[in-house]
Amino acid sequence: GGSLVGGNLATAATLSLTIAVLGTARSPAVTRAGARAGDQLFVTGTLGGAALGVHVLFGSLITFVMNSGIVSLPQIAVEYKQRRLQDIYVASPVHPLVYLLGLGLSRLIHVLPGCVVLFAILLGTGVMHVSALPLALGVLVMCWATGCSIGFMIATYNDNVGQVSAVANLLGMLALLIPPVLYPLDMLEGAWQWIALAAPSASAAHLLRAGSGATHLVDSAHVLASWCVLGVYVVVSLLLVAHKSRWRER
Numbered sequence: 054g055g056s057l058v059g060g061n062l063a064t065a066a067t068l069s070l071t072i073a074v075l076g077t078a079r080s081p082a083v084t085r086a087g088a089r090a091g092d093q094l095f096v097t098g099t100l101g102g103a104a105l106g107v108h109v110l111f112g113s114l115i116t117f118v119m120n121s122g123i124v125s126l127p128q129i130a131v132e133y134k135q136r137r138l139q140d141i142y143v144a145s146p147v148h149p150l151v152y153l154l155g156l157g158l159s160r161l162i163h164v165l166p167g168c169v170v171l172f173a174i175l176l177g178t179g180v181m182h183v184s185a186l187p188l189a190l191g192v193l194v195m196c197w198a199t200g201c202s203i204g205f206m207i208a209t210y211n212d213n214v215g216q217v218s219a220v221a222n223l224l225g226m227l228a229l230l231i232p233p234v235l236y237p238l239d240m241l242e243g244a245w246q247w248i249a250l251a252a253p254s255a256s257a258a259h260l261l262r263a264g265s266g267a268t269h270l271v272d273s274a275h276v277l278a279s280w281c282v283l284g285v286y287v288v289v290s291l292l293l294v295a296h297k298s299r300w301r302e303r
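What follows is the structure, encoded as structure tokens:
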């Protein structure tokens, strides 16, 4: 037995013990420098948590930018229509892409502080080099354009802000929580990696990691596929806004 002399004591539904052992070595202690091939290493807990945190930072950038269009923009667009603010702001016929650009920029301004903080962390910790900034900004602009186009299409086909909010939030979760956005692509196996890259958010996140060197094993085929997927989403979504959105001024 032993004596309880104090420490971090509390009452909880489960038992949790923290033990510290102090002693002296009878022979020189073996440090990391004394490790040799064939030695056994015993660890507890889950390894790689810090590395996974880096992927969360990249995924958070994608989440901020894409959700500003998919989730936030459609709700604002519907409220503008219901309160007739759209008619006040847009006094003459305006192309839907022009109006989309204005709404999208307004939503982007709201997430800029968060994006600046994330970039500061990535650059300050050395995870991302300054030379990777142009690529990262290009990928984020493509994400923003895709997300805004999808959100705008949702808003032009439904005037119920409750339904629009539900659909937008559902799409936002499906696009950002299920695919490898907050976790690396190589956590999936085989064909699942190619299936995951079909999501624009997953392709964008993979391009950010590959361009910044956060992914050590970069498959050039995956990078090429990611650029193609993201480019197709941008072009198709903007064409749908231009020709298929139910724009009131047309």
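According to the working numbering, the residues represented by the sequence shown are 54 to 303, in order.
Note that the Cβ used here is the ideal one computed from N, Cα and C, for glycine as well.
Residue j and residue i - do their beta-carbons sit closer together than 9 Å?
i, j, result
"I115", "S265", "no"
"L224", "I203", "yes"
"G167", "G122", "no"
"L165", "C201", "no"
"L229", "G112", "yes"
"A252", "H108", "no"
"M195", "G284", "yes"
Ignore the nearest five residues each way along the sequence and tell me which others in residue i's own chain have a CB closer than 7 Å to its CB.
i, result
"S279", "L250, S256, H259 and L260"
"V58", "none"
"I174", "L110"
"L161", "S121 and W197"
Enumerate in chain order the residues of its own chain whose CB-to-CB distance from residue i is below 8 Å, with the five nearest sequence positions on each side excluded.
i, result
"T64", "none"
"S159", "I129"
"V276", "H259, L260 and A263"
"A295", "H148, P149 and L150"
"A185", "G264, S265 and G266"
Over what stretch of residues does the alpha helix (DSSP H) that includes residue i continue unbroken?
i, result
"A219", "V214 to L229"
"R262", "P253 to S265"
Please look up how many angstroms separate the CB atoms of residue i and residue j, rounded, as I've assumed it's under 8 Å.
i, j, result
"P308", "A221", "Any question about residue 308 goes unanswered here, given that the chain covers just 54 to 303."
"L193", "V118", "5 Å"
"S290", "T199", "5 Å"
"L171", "L105", "That pair is no contact at about 16 Å."
"V131", "V217", "5 Å"
Mind pulling the alpha helix (DSSP H) runs of 4 or more residues that sit fully within the segment 127-181? With a minimum length of 4 residues, the continuous alpha helix (DSSP H) runs that stay inside the segment 127-181 are 138-142 and 149-177.
What residue ranges within the segment 87-134 form continuous alpha helix (DSSP H) runs of no fewer than 4 residues, ordered along the chain? Listed in chain order, the alpha helix (DSSP H) elements of length 4 or more contained wholly in the segment 87-134 are 102-120.
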